[in-house]
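Novice:
Residue numbers (the numbering used here), protein chains in the order written: chain A, 1 to 247; chain F, 1001 to 1247.
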């Protein structure tokens, strides 16, 4: 019982922290604005002549690349900077409860941002008759990609008290995970490593695992991919925090 | 209540705390004295379970801090050195968070919050965010957090640092009162404070206990009858020898 109440208390504080500062509103507006611009201009929403949100989902892993580290960079850096980590970790809780509580609150915040793109769904339903099952799968995929990037940002944030370093560090790792499955890159290295090599490489990529969700396919392998990266990164966050304290 | 045996801590090969042993019983206020960098804060961080020791053992109310950290931490209230707190939170929500994370709920939670507000005289700043408070109020807010679960053991790292004379007086009175029923360790470099609140004191220099006794004993050991002189005598001794060697 106490296990969950402490995790909930930490998550609730983290959640409120977003809305006690302008961060939440700045982020939500930036996300929705950028998502709109990408969908309607670069994504060619109308030119596609297709009642789907493919134009929207296509861009999400690239947009999250920058926006999710912006949310996640403060998770632990801020605690280090304010010294509140000393309060948090001398409370009668296990460190994983704090790590999980903070992660869940930030993930919930990202899911809220993603959900606020619902006018897109209404629009496409008004213009035509899309497959809403596919759209739902796309949203599930978005939430998983955001969670995966967030766990990486959590790890980067635990490594340094400098938020800018945490931000850049997590962008680099997320970018790498994207590029491993980015078609132009795959074409380029395909000449040397062959089709089998490409398949292995793409198997580590966020893009190729997100692909199924965009097509409306919920494959357990894709879910396992995202969950295992997240669990690993959060676990590593705990190891890094323990290492810091050991000195 | 607090039992420390052969405690040591080294950071990158440099010994910060060196074979330190001491005990604090119920109803005792122990003063931790020593020059800057003597290892006071490091020792307190080890007692509260924030950093792991390199060697030795600590038990709090019979619970080993290393083997059963959660049970030990339940018994401890901790005021870290710079009195850290979440800057964007109001005093009230910060105290409620402290109560939540310690598993207090319902009426018990409300009573605990009311009690520490009264004790630390925070009535007039409850709705203010912590970053707008003066140093004295921040100190008291963080102290209130450490008292929320009415702990048997209190670890206060420089509780009167940065307070004005009136606030210092109030803080000392509060510590004296609580010292009747709890076990308290306070660190300070203000020597008059030792006389004002402590039953007993230890002087630490370079990670080792160089003197211990009651404030009166310290005075009688000094040639001039003043604690300051005794403090200089025991902590400056090594520096003098090295100077003599150099000369």
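Ideal Cβ positions, reconstructed from N, Cα and C, are used throughout, including at glycine.
So if DSSP puts residue 197 of chain A in a beta bridge, which residue, or which two residues, is it bridged to?
Specialist: Position 197 of the first chain, counting from 1, holds the residue named residue 197 of chain A. The partner list for residue 197 of chain A (beta bridge, DSSP) is empty, contrary to what the question assumes.
Novice: Between the C-alpha atoms of residue 113 of chain A and residue 17 of chain A, what's the straight-line distance to the nearest angstrom?
Specialist: On the first chain, residue 113 of chain A is found 113 positions in, with the first residue counted as 1. On the first chain, residue 17 of chain A is found 17 positions in, with the first residue counted as 1. Their Cα atoms are separated by approximately 16 Å.
Novice: Relative to chain A, which residues along the segment 1023–1052 of chain F have a C-beta separation below 8 Å, given in chain order?
Specialist: Within the segment 1023–1052 of chain F, the qualifying residues are 1045, 1048, 1049, 1050, 1051, 1052.
Novice: Could you give the residue range of the beta strand (DSSP E) that holds residue 1028 of chain F?
Specialist: Stepping through the second chain from its first residue, residue 1028 of chain F is reached at position 28. 1028–1033 is the extent of the beta strand (DSSP E) around residue 1028 of chain F.
Novice: What is the DSSP secondary structure of residue 1086 of chain F, counted as helix, strand or coil?
Specialist: Translated into the one-based positions of the second chain, residue 1086 of chain F becomes position 86. Residue 1086 of chain F: coil per DSSP, three-state reduction.
Novice: Considering only the beta carbon of each residue, do residue 157 of chain A and residue 74 of chain A sit closer than 8 Å?
Specialist: On the first chain, residue 157 of chain A is found 157 positions in, with the first residue counted as 1. On the first chain, residue 74 of chain A is found 74 positions in, with the first residue counted as 1. Going by C-beta atoms, residue 157 of chain A is nearer than 8 Å to residue 74 of chain A.
Novice: On the three-state DSSP scale, how would you describe residue 102 of chain A?
Specialist: As a working mapping, residue 102 of chain A is identified with position 102 in the first chain. Reduced to three states, the DSSP call for residue 102 of chain A is helix.
Novice: Got a sec? Which residues, its chain only, sit under 6 Å from residue 1194 of chain F by beta carbon, not counting five neighbours each side?
Specialist: Translated into positions along the second chain, residue 1194 of chain F becomes position 194. Answer for residue 1194 of chain F: 1031, 1201, 1215, listed in chain order.
Novice: Just to confirm my understanding: we take residue 139 of chain A, look at its own chain, exclude 5 residues before and 5 after, and list those with CB closer than 7 Å. What are they?
Specialist: Taking the first residue of the first chain as 1, we reach residue 139 of chain A at position 139. Excluding positions up to five away in sequence, the list reads 114.
Novice: By alpha-carbon positions, which one of F:1039, F:1013, F:1102 ends up nearest to residue 1189 of chain F?
Specialist: The count along the second chain starts at 1 and reaches residue 1189 of chain F at position 189. The shortest Cα separation from residue 1189 of chain F among F:1039, F:1013, F:1102 belongs to F:1039.
Novice: Expressed to the nearest angstrom, what Euclidean distance is found between the alpha-carbon atoms of residue 1122 of chain F and residue 1153 of chain F?
Specialist: Along the second chain, one-based indexing puts residue 1122 of chain F at 122. Along the second chain, one-based indexing puts residue 1153 of chain F at 153. Approximately 22 Å, taken between the alpha carbons.
Novice: Work out the CA separation of residue 50 of chain A and residue 34 of chain A for me, nearest whole Å.
Specialist: Position 34 of the first chain, counted from the start, is the residue given in the question as residue 34 of chain A. Position 50 of the first chain, counted from the start, is the residue given in the question as residue 50 of chain A. Distance between the alpha carbons of residue 34 of chain A and residue 50 of chain A is about 21 Å.
Novice: Less than 8 Å between the CB atoms is what I'm expecting for residue 1130 of chain F and residue 1089 of chain F, so what's the real figure, rounded?
Specialist: Within the second chain, numbered from 1, the residue matching residue 1130 of chain F stands at position 130. Within the second chain, numbered from 1, the residue matching residue 1089 of chain F stands at position 89. 6 Å between Cβ atoms; contact.
Novice: Note down the Cα distance separating residue 239 of chain A from residue 68 of chain A, rounded to an integer number of angstroms.
Specialist: Here residue 239 of chain A refers to the residue found at position 239 when the first chain is read from its first residue. Here residue 68 of chain A refers to the residue found at position 68 when the first chain is read from its first residue. So the two alpha carbons sit approximately 22 Å from each other.
Novice: Leaving out five residues before and five after residue 89 of chain A in sequence, what residues of the same chain have Cβ atoms less than 8 Å from its Cβ?
Specialist: Stepping through the first chain from its first residue, residue 89 of chain A is reached at position 89. Counting only Cβ-Cβ distances below 8 Å, and skipping sequence neighbours, we find 95, 98, 241, 245.
Novice: Please list the terminal residues of the continuous beta strand (DSSP E) segment that includes residue 80 of chain A.
Specialist: Residue 80 of chain A sits at position 80 when you count from the first residue of the first chain. From DSSP, residue 80 of chain A is part of no beta strand (DSSP E) but of the alpha helix (DSSP H) over 74–82.
Novice: Residue 1249 of chain F versus chain A: which residues are under 9 Å apart at the beta carbon?
Specialist: Given that chain F is displayed from residue 1001 to residue 1247, the structure contains no residue 1249 of chain F and the question cannot be resolved.
Novice: Would residue 1176 of chain F count as contacting chain A if we go by Cβ distances under 8 Å?
Specialist: Against the second chain, residue 1176 of chain F aligns to sequence position 176. By this cut-off, residue 1176 of chain F is not an interface position.
Novice: List in chain order: all unbroken beta strand (DSSP E) runs of 3+ residues lying wholly within the segment 19–98 of chain A.
Specialist: Qualifying beta strand (DSSP E) stretches: none in this window.
Novice: Within 10 angstroms of the Cβ of residue 178 of chain A, are there 16 or more other Cβ atoms? Answer buried if so, exposed if not.
Specialist: Residue mapping note: residue 178 of chain A aligns to position 178 of the first chain, counting from 1. Per the 10 Å Cβ criterion, buried.
Novice: When Cβ atoms are compared, which residues of the segment 91–115 of chain A fall closer than 8 Å to chain F?
Specialist: Against chain F - using a Cβ distance shorter than 8 Å - the residues of the segment 91–115 of chain A are 91, 92, 93, 94.
Novice: Rounded to whole angstroms, what's the CA-CA distance from residue 1060 of chain F to residue 1095 of chain F? Just pull it up for me.
Specialist: Here residue 1060 of chain F refers to the residue found at position 60 when the second chain is read from its first residue. Here residue 1095 of chain F refers to the residue found at position 95 when the second chain is read from its first residue. Approximately 24 Å between the Cα atoms of the pair.
Novice: Give the DSSP bridge partners of residue 1014 of chain F, in chain order.
Specialist: As a position in the second chain, residue 1014 of chain F is number 14, starting the count at 1. Answer by DSSP bridge pairing, in chain order: F:1011.
Novice: For a cutoff of 8 Å on Cβ pairs, would you count residue 1055 of chain F as touching chain A?
Specialist: Looking up residue 1055 of chain F in the second chain gives position 55. No - not a single Cβ of chain A is within 8 Å of the one on residue 1055 of chain F.
Novice: So, using beta-carbon positions, are residue 1020 of chain F and residue 1209 of chain F closer together than 8 Å?
Specialist: Locating residue 1020 of chain F in the second chain gives position 20, where the first residue counts as 1. Locating residue 1209 of chain F in the second chain gives position 209, where the first residue counts as 1. Closer than 8 Å, so yes.
Novice: Quick one: does residue 1100 of chain F have its CB under 8 Å from some CB of chain A?
Specialist: Taking the first residue of the second chain as position 1, residue 1100 of chain F is located at position 100. Chain A, which has a Cβ nearer than 8 Å to the Cβ of residue 1100 of chain F, makes this yes.
Novice: Would you identify the three-state DSSP class for residue 1180 of chain F, choosing helix, strand or coil?
Specialist: What you label residue 1180 of chain F is simply residue 180 of the second chain in a count that begins at 1. Here residue 1180 of chain F sits in coil by DSSP.
Novice: Using 10 angstroms around the beta-carbon of residue 15 of chain A, count the other beta-carbons present and answer buried if the total reaches 16, otherwise exposed.
Specialist: Residue numbering aside, residue 15 of chain A sits at position 15 when the first chain is read from its first letter. Residue 15 of chain A should be labelled buried.
Novice: Which word fits residue 58 of chain A, buried or exposed, when buried means at least 16 other C-beta atoms lie within 10 angstroms of its C-beta?
Specialist: What you label residue 58 of chain A is simply residue 58 of the first chain in a count that begins at 1. It is buried - the Cβ of residue 58 of chain A has at least 16 other Cβ atoms within 10 Å.
Novice: Does the distance from the CB of residue 1026 of chain F to the CB of residue 1146 of chain F come in under 8 Å?
Specialist: Position 26 of the second chain, counted from the first residue, corresponds to residue 1026 of chain F. Position 146 of the second chain, counted from the first residue, corresponds to residue 1146 of chain F. No. Outside cutoff.
Novice: Could you round the C-beta distance between residue 39 of chain A and residue 56 of chain A to whole angstroms and report it? I think they count as a contact, below 8 Å.
Specialist: What you label residue 39 of chain A is simply residue 39 of the first chain in a count that begins at 1. What you label residue 56 of chain A is simply residue 56 of the first chain in a count that begins at 1. Correct: roughly 4 Å between the Cβ atoms.
Novice: What does residue 1073 of chain F touch in chain A if you count any residue whose Cβ is under 7 Å from its own?
Specialist: Taking the first residue of the second chain as 1, we reach residue 1073 of chain F at position 73. Residues of chain A passing the Cβ test: 90, 91, 92.
Novice: Can you tell me where the alpha helix (DSSP H) with residue 229 of chain A in it begins and where it stops?
Specialist: Reading the first chain from its first residue, position 229 is the one you call residue 229 of chain A. Note, residue 229 of chain A: alpha helix (DSSP H), 220–246.
Novice: Using a Cβ-Cβ distance cut-off of 8 Å, determine whether residue 1097 of chain F contacts chain A.
Specialist: Mapped onto the second chain, residue 1097 of chain F falls at position 97. For residue 1097 of chain F, the answer is yes, since a Cβ of chain A falls inside 8 Å of its Cβ.
Novice: Suppose you measure from the CA of residue 86 of chain A to the CA of residue 1050 of chain F; what does that come to, to the nearest Å?
Specialist: As a working note, residue 86 of chain A is residue 86 in the first chain. As a working note, residue 1050 of chain F is residue 50 in the second chain. Spanning the two alpha carbons is a distance of roughly 6 Å.
Novice: How many whole angstroms separate the CB atoms of residue 152 of chain A and residue 173 of chain A, which I take to be in contact at a CB cut-off of 8 Å?
Specialist: By one-based count along the first chain, residue 152 of chain A stands at place 152. By one-based count along the first chain, residue 173 of chain A stands at place 173. Contact flag correct, Cβ pair sits at about 5 Å.
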